[in-house]
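Asks: Numbering (this note's numbering), first residue to last: 378 to 512.
By construction, the Cβ of each residue, glycine as well, lies at the ideal position given by its N, Cα and C atoms.
Shown below is the structure under consideration.
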Ligand code: ZN
């Protein structure tokens, strides 16, 4: 794992939260993106070298809708940047972590992503993300 890539925050209304985080961070989001496969609308903010990802559910069976139903709004996941996501998945599985998707999938922000089940990570949903090389 290279570094924390971003922190994901589940919100009920992304327009309201965009305004709130704009006030908080002193600048607007730099990107909005629908991730249709996950049933979420995302919005990204920069804070120095770090990023915040806001996530709003776009359907009632979206993982974000279920999260908010159970726990309310708040920190949803921590994402770590990795160089080789397939290698990292193998390594973490061998270490005893439960990988939710063995095959990396296309996430927001031009990344390949995989998640670790929070039951094996002290209750924190962990995202691994690898930049997709377009070249
Ligand atoms: Zn994320």
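Is the closest heavy atom of ligand 1 to the C-beta of residue 385 under 7 Å?
Replies: Flag set: Cβ of residue 385 near ligand 1.
Asks: Considering only residues of the same chain and omitting the five flanking positions on each side of residue 487, which have a CB-CB separation below 6 Å?
Replies: The answer, listed in chain order, is 509.
Asks: Thinking C-alpha only, which one of 388, 419, 426 is nearest residue 381?
Replies: When each option's Cα is compared against that of residue 381, the closest is 426.
Asks: Within the chosen definition, does the stretch 451-461 reach the stretch 474-483 through at least 3 CB pairs nearer than 8 Å?
Replies: No, the stretch 451-461 does not touch the stretch 474-483.
Asks: Please determine whether the Cβ atom of residue 456 lies at a distance below 7 Å from any heavy atom of ligand 1.
Replies: Correct: residue 456 has its Cβ closer than 7 Å to ligand 1.
Asks: Output yes or no for whether 8 Å exceeds the beta carbon distance between residue 494 and residue 429.
Replies: No, the pair does not count as a contact, with Cβ atoms beyond the cut-off.
Asks: Taking just the CA atoms, how far does residue 464 sit from residue 406?
Replies: Each residue's alpha carbon lies about 32 Å from the other.
Asks: Can you round the beta-carbon distance between residue 398 and residue 431 to whole angstroms, since I take them to be within the 8 Å contact cut?
Replies: Confirmed, Cβ separation roughly 7 Å.
Asks: Note the first and the last residue of the continuous beta strand (DSSP E) segment covering residue 424.
Replies: Counting along the chain, the beta strand (DSSP E) containing residue 424 begins and ends at 417-424.
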